[in-house]
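Chains as they are written, first to last, in my numbering: chain A, 1 to 402; chain B, 1001 to 1402; chain C, 2001 to 2366; chain D, 3001 to 3366. Everything on this sheet refers to the single structure shown next.
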């Protein structure tokens, strides 16, 4: 039976289940008809069956289903613990190419992307942090290729990625948003060096990527030459969406039956101290208030009016995370000098205190978030923009340029 | 004996005491040779004797003395409780004319100013608040006079003043600081209406001044046409100096033997509550820290390095005053609903809470103070100025101008 | 529980908002305390016509049977105007206390209250009284007369009826007294011109002793009063916040709207987070009250301190952000600021509610 | 009291600053904890040559007889570098405790400490110990040997000498033990790589029991230690503040230095008020200690919580203002931030000092 957007939920359910029964060994977690599990082969099967990106058009490996219908397939795969579904929700590279790439590009790379390679997103640079459009990585045309030189930073998954979606400047005489091109850039080539960043949390989630005379074909431009900023907006929006989903699922504090700050205060013998109690109460309250705001946002989103509320959560989370971690540190007393596995309370307090900067700096600092809330939600006027309409080569990156 | 800068301190002391003995009845607080006390007559005597402005040159009623020598005279007058001394320290109008007026203007008005009239300072306007140079009061030449139209606000002493030192715009095509003229403007004329401002504290220290087709002679320009901003800097600097002296003397909180917040907490039965105690301690600490900063500033000023510390006090005072008043209000409990003479604690808490805005808004808002500290002390770069070099008539005062 | 649908509630809210926008002058607060007159009878009558006074009355009593969510929605609107109105007595607490009283002697009064003919003040030391007099003494004699006095009675200056809640030995009695039977009524000077207080004296005053209310009704009356204050706080905070945002757009200095300065923007953004948080806390508490009135202690406490703190903060910052103009009595900012300071002292203070909030977390963990 | 003139102190300070600027690498902190080695002997020797270790020794003992103001001036400088140094033991507390000991058996040790040949750790439960072990037990037997253990001894990993202050029944004994006599020394992992802790075990360890110190010496040793921590905090806060201000000038985004954005400026201005306040509190407390050491409780408490809070605040904001670069371990900001977090836990916490500060106001009023 062919599944289309006119199929009933039951038909979809039956079709995907039947397919999985026939092709996937749920117990062994391998394909039924394979000697050993080769990821690319299995993913190819999934793509060809249409389960990989069911919401896409049939021209590009999809079934043209709506969101609800797609979720049925995703759930079935989850139940069978089979990989490869919902790439139309989670594969940043494939989604971006599908949404903004040319037909030629889509035909050339989409299937490859869906059946394996991880795609990272190469946008931040040492001099383009809060000012994301201040890209200085340089792309110079050379026949059918572009030659890339520059440095990217804060790149997730750069070690594993076969492709990077790369922002590079192709016109230095246009204002900053208008001279940027977006490339699907092969990472596994000479001239691409990836170095993990040691974070203050002890983690290394991000990388620096140094690019020296590396090449990318003009055919791999996503969108159009010098129109990369617009194409990039799609990618970044999906990245945030995917990240946001991760964060929500990560940790559920605010469990009604216990609270770590109450436990720490109790252990420190300070649970009767009214000052400590006020601080704990307010810390717990900030988290609960944010949750209530988010609940209200979701309800209002359904009615199409919740954008302004949604925009508050990231900023609010900075106060919550920094505040809880600071209070936990304080409650440790002298134990705050210690760290490491042997002292889990101290380790958690230090880790959380450092990790809080991930929210207050990463993905747009608190300062940028406040600008956005003030301008986009409250309608306060923008600051006069200093680099607006200025050819990018004249925009300063340091005082010495004066 | 004629007093000059070469006289010894003892000679000065003897001379001024002898003069006061001869001319002023210390017990009755009237001149000895007068039937009744007419202020202007007495002040004329003081001016002619040189005691009024001893630090000024002899050409303009002074004796050419230095600061220390002048203080001897001031002290003697204070001891005899005789008015009229130290006008070179306290008479804003006379000082400004003396420092920046033309010789013609000085000869014309200085003596008159010293022997009576109060001078107010007319600078703030409804559209020139934080942006003091945004003056829109208009001065148009008409023969030997200028005709003035506009509105001033936040003027102290406008009711009593015979003259106002007035900032008015004379060139609308120059950038904002360069088209302003400073006038010694007669207040007692048709077209000048003074209305007291009712403040949220219940006081009326300030006034609005409405000026409609009033006149001032071109001879009364202080400094030069269109150079008024510079002349005004002298006046405002002296105004701040005189105000600052007043504030320092006004109230000495932080008396070591009692503290109003401790008393209020005790009365509310909350002096054992650790949260209340922490808040009180921090409130007291902020005031003590500011005092310590000021002490250090004075010591460093002697060594010529204390400017940066001096500049912090006004900003720090906002947190102190708002914080103390908020805490007092909180400690009142339900009594915070009340007000008036019968409830002095409530009345003080409400008054102080309102009056704190005098510091955090008046004389440059906290926001302006932070700009100054960041730019002048910490050397952070200025914001790009939006109205720099722009003809003033093109500077916007409301969105509708777009 | 509420008998109104969400749509009904929102359309009710819109009606009230439109009406108040057209008829309730913020400036009415100024003149209110200067004359010894009660609330504006015309405004009251119009609100009765809008059905506002029917809202909380039960359906048995011919009311709309509204719940906390409905009440809160209306009071957010009333809070935004500052217009002097007998909110806590007539609109919230008395209807709730009377909802289950079927005493004929009271029915007439209830109708007067609901028709806006009579205003009612809440007095005594019971928890449902917004400004309780914890030191009060009261004697109810064998002739059914009351003797005693109580200070700081909200609306006590001119209310036609006084509802007294007197708690002693963990038992609470309710008495209803007519204004005419007061032996003395002394108006007190208040910081907020829109909130008037009096101390009242009774000397063998005839009264109606109401049937003893259940603990549940008493505690829920308190909870409704507290929610009402939180709603007034959110409404007031939102109104002065919006006024301030408009000013930041309109006011130009240095050739730019002052709202384009980054530091000003950031204050605004932070205040907006607080405002929306308070709104969420308020509405969630009301919802919780409607769905599980005996299990809403945590929500209520959260709403109480959050809404109180936020109104204080926003009203205070509003003056700062306006600059000099708000230092004048002509501007409305100080009126909101005074209201914030007064409401913060009703039904206990923020720290107390925060303490209670934490206790609910500890209890849950046990 | 100090024997140094203000000019001498400032020229001493300049020498130390110049020397540290040239020779003390902030990065030395990173490698410090990775090797099981003591402080950099070359750096120590140079500081001895600068006279730093003579500073606090009394003149009778051939030292400079410096006072709290001198100590504080030097420690502001040392605090700015983060360089690992045996500050609290060798420079501050031990010299003070030894200043009046004339026991010949001790003199040799004192000379070693002052020459930088030997480093000394402070252990025990006495108030002068920066990280006291309140639960410790200790036995001093008839053969003059010590048995017991104590956790979290600062510098305990490699110090040549351990000075133990043991308080029991309101009486304090001092013991001096050589490293070689420890039965066990376990290094603990710490959050600040520049501060190393160990737990120490003694099993009938030979020791020198020092003459019983007076209450005054004990309490002043504590006060000096506390002032030293406050000075390190101010020094650290100033260093990372200045680093941050420079970054705000150098770093361009949107074609402007980020320090030209108003909201960033305002954070900087507020932090500067805090920094200068802490500096004033510190110096005033040191001055008060020098002029009236028995009447400086209030000044000391004020300095203690102010300097601690300010370093925490400035170090935390420094990371935020730097943005992503300070989220990397390569950047120095997190090292200051770790130091701030660790110092905040020495000699009690901020809230405790604030409480003590208020008490002095209450006592004065009685």
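Note that beta-carbon positions come from the ideal geometry of N, C-alpha and C, so glycine has one too. No experiment lies behind these values; they were computed from the predicted model shown.
- Taking a Cβ-Cβ cut-off of 7 Å, the neighbours of residue 278 of chain A in chain B comprise 1275, given in sequence order.
- In the three-state DSSP reduction, residue 3153 of chain D falls in the strand class (E or B).
- Boundaries around residue 18 of chain A are those of the alpha helix (DSSP H), 9-23, since no beta strand (DSSP E) includes it.
- Against residue 2190 of chain C, the close residues of chain B are 1337, 1338, 1339, in the order they occur along the chain (beta-carbon pairs closer than 7 Å).
- Taken through DSSP and simplified to helix, strand or coil, residue 2188 of chain C comes out as strand.
- Closest by C-alpha distance to residue 2089 of chain C, out of C:2033, C:2224, C:2321, is C:2224.
- Identification of residues in the stretch 1199-1212 of chain B having a C-beta nearer than 7 Å to some C-beta of chain C yields 1199, 1200, given in sequence order.
- With 16 or more neighbouring CB atoms inside 10 Å of its own CB, residue 2165 of chain C falls in the buried class.
- The three-state reading of DSSP puts residue 1222 of chain B in coil, since its state is none of H, G, I, E or B.
- Residue 269 of chain A counts as exposed, since fewer than 16 other C-beta atoms from the protein chains shown sit within 10 angstroms of its C-beta.
- Within chain C, no C-beta atom comes nearer than 9 Å to that of residue 1155 of chain B; the closest sits roughly 12 Å away.
- Cβ-Cβ distances below 6 Å link residue 2125 of chain C to 2132, 2133, 2134, 2136, 2167 in the same chain, with the five nearest sequence neighbours on each side left out; the list follows chain order.
- For residue 1300 of chain B, the closest Cβ of chain D is not nearer than 7 Å.
- Excluding sequence positions up to five before and after residue 1080 of chain B, its CB lies within less than 7 Å of the CB of 1020, 1024, 1026, all in the same chain and listed in chain order.
- In the structure shown, the three-state DSSP call for residue 2336 of chain C is helix.
- Distances from the CA of residue 2083 of chain C to each of C:2041, C:2218, C:2248 were compared; the closest alpha carbon is that of C:2041.
- Taking 7 Å as the cut-off, the beta carbon of residue 3285 of chain D is found no closer than this to the beta carbon of residue 3306 of chain D.
- If you compare the alpha carbons of B:1082, B:1301, B:1221 with that of residue 1141 of chain B, the shortest gap goes to B:1221.
- By the beta-carbon neighbour count (other beta carbons within 10 angstroms, threshold 16), residue 1301 of chain B is exposed.
- Listed along the chain, the chain D residues whose CB falls inside 8 Å of the CB of residue 2261 of chain C are 3262.
- The beta carbon of residue 3161 of chain D does not come within 7 Å of any beta carbon belonging to chain B, so the residue lies off that interface.
- Separation of residue 3188 of chain D and residue 3055 of chain D (C-alpha to C-alpha, rounded to the nearest whole angstrom) is 31 Å.
- CA-CA distance, residue 109 of chain A to residue 143 of chain A, rounds to 21 Å.
- Here the stretch 201-211 of chain A lies against the stretch 151-159 of chain A, with 3 or more beta-carbon pairs under 8 Å apart.
- Spatial neighbours of residue 283 of chain A in its own chain (CB-CB distance under 8 Å, excluding positions within 5 residues in sequence) are listed in chain order as 261, 320, 323, 324, 327.
- DSSP places residue 2081 of chain C within a helical segment (H, G or I) once states are collapsed to three.
- Residue 1366 of chain B and residue 3277 of chain D have their C-alpha atoms some 18 Å from each other.
- At a cut-off of 7 Å between C-beta atoms, residue 3357 of chain D counts as an interface residue with respect to chain B.
- The residue among A:10, A:198, A:273 with its C-alpha nearest the C-alpha of residue 3329 of chain D is A:198.
- With the rule of 3 Cβ pairs closer than 8 Å, the stretch 3197-3205 of chain D does not count as touching the stretch 3045-3054 of chain D.
- No Cβ of chain A is located within less than 7 Å of the beta carbon of residue 1186 of chain B.
- Contact annotation: the stretch 3243-3257 of chain D touches the stretch 123-142 of chain A, with at least three C-beta pairs closer than 8 Å.
- Taking a contact to require three or more Cβ pairs closer than 8 Å, the stretch 2336-2352 of chain C and the stretch 1170-1189 of chain B do not qualify as touching.
- Taking residue 63 of chain A as the centre and dropping the five residues before and after it, the same chain places the C-beta of 3, 50, 54 closer than 6 Å to its C-beta, in chain order.
- A distance below 7 Å between beta-carbons, with the five flanking residues on each side excluded, links residue 3191 of chain D to the following residues of its chain, in chain order: 3338, 3341, 3342.
- Comparing alpha-carbon positions, the option among C:2121, C:2029, C:2200, C:2313 lying closest to residue 2271 of chain C turns out to be C:2313.
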